[in-house]
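See below for the structure under consideration.
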Amino acid sequence: MKGAFITFEGCEGSGKSTQIRLMADFLRARGAEVTITREPGGTPLAERIRGLLMETCEETIAPLTELFLYEAARAQHVQQIVLPALQRGAIVLCDRFYDSTTVYQGVGRKLDPATVGLLNRLAAGAVRPMHTYVFDLPAAEGLRRAWERGSDDRMMQEAVTFHEAVREGFLALAQEEGDRITIVDASRPIEIIQEELRRHICGLPFMENR
Ligand code: TMP
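For the sequence shown, the numbering used here assigns the number 1 to the initial residue and increments by one for each residue that follows.
And the structure:
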């Protein structure tokens, strides 16, 4: 695959989407083809699955059902959007990918990590993040920011302790996979974070000839 797959992870309200847009501007100005996408979502069908996952639901969604829905959306997204873009040589900036499943469903919902890992690999196929930025913020602060901008979905309604466990899960994953994952302190101003990201991405091997 000629392209580069970069993922952005972290708690709710950590500012990933803003940083992805600014990063795309920077990379496009250097002449790169950039695809911005997100999970769950990114294709019409995957966005419909996102709707099922985000809307508040009177019926409790069983953790395993939730896992399958995230993975179903991922399989569609990978086949329809991510793989073709990487084959064209694009830089794909993706707002969440399978690390979210590892942490939200594995740590947050306490599903068996081996099951989550297996389904992640099945849904992602040959696609692996080349590098991942984890945006770190105290969970309560992230939730406050997300509520302020009007978000309030089914996942956000989980207790703060759930979101704290998710935060710890991301930090632990970053420890385990230090070469791939960079922790970004998301409590700082937007411009400072963007500067750090731009500096960092320019040092990644795939940027050498770009
Ligand atoms: P966001 O993309 O707007 O941050 O919201 C997506 C929500 O879905 C967020 O609460 C994280 C959650 N999520 C999972 O629980 N598992 C996953 O695999 C993914 C991609 C997201």
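Heads up, the beta-carbon is just placed ideally off N, CA and C, and yes, glycines get one too.
**Item:** Burial state of L173, where buried means 16 or more other Cβ atoms lie within 10 Å
**Value:** buried
**Asked** Over what stretch of residues does the beta strand (DSSP E) that includes D25 continue unbroken?
**Response** Note, D25: premise wrong, no beta strand (DSSP E); alpha helix (DSSP H) at K16 to A29.
**Item:** Proximity to E12 [Cα-Cα], best of N209, Q157 and T132
**Value:** Q157
**Prompt:** Is D95 near ligand 3, going by C-beta to nearest heavy atom under 7 Å?
**Reply:** No copy of ligand 3 occurs in the structure displayed; its ligands are ligand 1 alone.
**Request:** State the DSSP-derived secondary structure class of F206, mapped to helix, strand or coil.
**Result:** helix
**Request:** State whether the stretch 117-137 contacts the stretch 76-94, with contact taken as three or more CB pairs (one from each stretch) at a distance under 8 Å.
**Result:** yes
**Prompt:** Does the count of Cβ pairs from the stretch 83-96 and the stretch 5-19 closer than 8 Å reach three?
**Reply:** yes
**Asked** Would you call the stretch 167-185 and the stretch 98-116 touching, i.e. three or more CB-CB distances under 8 Å?
**Response** yes
**Message:** Under 8 Å, Cβ to Cβ, is there at least one residue of chain B near L171?
**Reply:** This model lacks chain B altogether; it includes just one protein chain.
**Prompt:** Does ligand 1 have a heavy atom nearer than 7 Å to the CB of T7?
**Reply:** no
**Item:** Simplified DSSP state of G41, which is helix, strand or coil
**Value:** coil
**Prompt:** Do L119 and E71 come within 8 Å of each other at the CB atom, strictly closer than that value?
**Reply:** yes
**Request:** Could you work out which residue in M207, N209, G203 and I192 is closest to Q19 when comparing CA atoms only?
**Result:** I192
**Asked** Are at least three pairs of beta-carbons, each pair with one atom in the stretch 29-46 and one in the stretch 55-73, less than 8 Å apart?
**Response** yes
**Segment limits, beta strand (DSSP E) that includes L93** = I91 to D95
**Asked** Going by Cα to Cα distance, which pick from L83, A123, G89 and P84 is closest to D99?
**Response** A123
**Prompt:** Excluding the five sequence neighbours on either side, which residues of its own chain have a C-beta within less than 7 Å of the C-beta of P113, listed in chain order?
**Reply:** G106
**Request:** Confirm the yes/no value for this check: CB of A148, any heavy atom of ligand 1, distance under 7 Å.
**Result:** This sequence places Glu at residue 148; Ala is not what is there. Flag unset: Cβ of E148 not near ligand 1.
**Prompt:** For E196, which residues from the same chain have a beta carbon less than 8 Å from its beta carbon, with the 5 sequence-adjacent residues on both sides left out?
**Reply:** V184
**With 16 other Cβ atoms within 10 Å as the buried cut-off, status of R149** = exposed
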